[in-house]
Amino acid sequence: MTQPVPRRSNKRGQATREAMLDAAVRSLATGDPGAVSASRIAKESGATWGAVQYQFGDVDGFWAAVLHRTAERRNAAMAAFAGVKSDAPLRDRVAAIIDTLYDGLASQDSRAIENLRAALPRDHHELERLYPRTAAELFSWGRSWLATCHQAFADLDVDPQRVREVAALIPGAMRGLVSERQLGSYADLDEARRGLTNALAGYLDRSRSG
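The sequence shown begins at 1 in UniProt numbering and counts up one residue at a time.
Right, here's the structure in full:
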C-alpha cells in the first residue's frame, strides 16, 4: 500500500499569516475604530478576504489569532515579575507588577487590543455567541493573569482571595494611570503609582498569617 506523502510546510502561507497579524496590530494600534476590520487589514497587508478565511477560518478566528499573538509577547514581559527573586519583599513584588503594566499598557500591542476590545460586544454571553474563539482567548488571558499573580506571591502566605481581588483591580487601575499619562496630567503619576503600590502591598500584607 502506498504511503501518503507528508505535506511540506507552506512557508509562503505562514509568511502571509504573519504579515496579516503584524498588519492587524499596527492598524488596530492607531485607535481608529474603522481599523477593526479584517478585510481592511487584509488589504493593508497585501492579501485578500479569501486569504483571511483560508488562514483563520473567519473574522472570529482572525481576532483570536491576533489576541494569541500579542499574548505570547505579553507573557514574556510578565516573566519579569513572575520570576521575581524568592527573597524579594512583598512590596517589591507589587511594585514590579505595577511598573510592568505601566510600561506595557502603552505598547503597540496594548493599544491594538484596547481598540479591538472596544469594538467587541460588552456582554459576555453575546461575545461568546458571536465570537466564541475570541472570547475563549480573552478568558484565557484572565486565567493566565490570575495565575501569574498567585505565582508572584505564592511563597508569602498571602490570602488567595486577596490576591484575586488585587489581580482584578490592577489592570483597570493601571489603564487609568496610563490614560492620564497619555492625555497629560498635572498629577504626579510616579507618586500615584507609589501610593497604589503601598496600598495594595499593605492590603496583601495584612492577610498574612503570623
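In this text, a Cβ means the ideal position worked out from N, Cα and C, and glycines have one as well.
From this set, the options, which residue's C-alpha is nearest residue i's C-alpha?
{"i": "residue 23", "options": "140, 69, 100, 149", "result": "69"}
{"i": "residue 125", "options": "180, 29, 136", "result": "136"}
{"i": "residue 27", "options": "140, 117, 112", "result": "112"}
{"i": "residue 173", "options": "43, 193, 15", "result": "193"}
{"i": "residue 114", "options": "14, 32, 54, 17", "result": "32"}
{"i": "residue 46", "options": "71, 62, 17, 63", "result": "17"}
{"i": "residue 195", "options": "62, 48, 99", "result": "99"}
{"i": "residue 203", "options": "122, 166, 186, 93", "result": "166"}
{"i": "residue 132", "options": "88, 97, 63", "result": "63"}
{"i": "residue 118", "options": "34, 78, 11", "result": "34"}
{"i": "residue 101", "options": "88, 75, 87", "result": "75"}
Hey, residue i and residue j: beta-carbon distance below 8 Å or not?
{"i": "residue 20", "j": "residue 59", "result": "no"}
{"i": "residue 146", "j": "residue 134", "result": "no"}
{"i": "residue 206", "j": "residue 156", "result": "no"}
{"i": "residue 178", "j": "residue 105", "result": "yes"}
{"i": "residue 116", "j": "residue 66", "result": "yes"}
{"i": "residue 29", "j": "residue 108", "result": "yes"}
{"i": "residue 189", "j": "residue 180", "result": "yes"}
Just to confirm my understanding: we take residue i, look at its own chain, exclude 5 residues before and 5 after, and list those with CB closer than 7 Å. What are they?
{"i": "residue 95", "result": "197"}
{"i": "residue 296", "result": "Residue 296 is absent from the structure shown; the chain starts at 1 and stops at 210."}
{"i": "residue 130", "result": "121"}
Please go through the same chain and pick out, in chain order, the residues whose beta-carbon is closer than 6 Å to the beta-carbon of residue i, but skip the five residues on each side of it.
{"i": "residue 4", "result": "Because the pLDDT at residue 4 is just 44, under 50, the model does not fix this residue reliably, and the value given afterwards should be weighed accordingly. There are no such residues."}
{"i": "residue 163", "result": "149, 150, 153"}
Checklist entry - Between the stretch 38-53 and the stretch 116-132, are three or more C-beta pairs nearer than 8 Å? => result Judged by pairs of C-beta atoms under 8 Å, the stretch 38-53 does not touch the stretch 116-132, as fewer than three such pairs exist.
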